[in-house]
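Quick note on numbering: this note's numbering labels position 39 of the sequence shown as 39, and the sequence is numbered without any gaps.
Just so you know, even glycine gets a beta-carbon here, dropped at the ideal spot from N, CA and C.
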Amino acid sequence: MRKDPLGEKLFLDKFYEVSEVIRTVHVQAGDSHYRIEINKHYTNPKTPFTASYFVKHQVPNPEAKIEGETLDSYLLDTSLPWVAERTPEAALTAALGFLGGRYPKKAAKSA
């Protein structure tokens, strides 16, 4: 079986940062849709796993055949706290915790 080239010293010495998105989770929080990416960092052992948050926006479609047609686009949201953990599960738990704390789910009305 071949070695993963991302972990090879030959490549790690050539770049300032090498990371890989190892998990992607989509959640709706409040009125927004988020994509959370869990990243594995090969070049920084102090922060092996981090999370990035992206919020969905609708932007005008430059190639629209119908006026007002939009595209979904995810833009990086830097307003949420930095997540750096030792395991991917801990990074995802922290990211979901921050997002859930900002947008607590409202209780559903009973009929």
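Non-local beta-carbon contacts of HIS57 in its own chain, meaning distances under 7 angstroms to residues more than five positions away in sequence, involve SER73, LEU75 in chain order. For ILE36, the beta-bridge partners assigned by DSSP are VAL25, TYR53. For PRO60, the beta-bridge partners assigned by DSSP are THR70. Excluding sequence positions up to five before and after LEU80, its CB lies within less than 6 angstroms of the CB of TYR53, PHE98, all in the same chain and listed in chain order. If you check the CB distance, ASP4 and TYR34 do not come in under 9 angstroms.
Within the same chain, and ignoring the five residues on either side of PHE11 in sequence, the residues whose Cβ sits closer than 8 angstroms to its Cβ are PRO5, VAL18. Excluding sequence positions up to five before and after LEU71, its CB lies within less than 6 angstroms of the CB of VAL59, ASN61, all in the same chain and listed in chain order.
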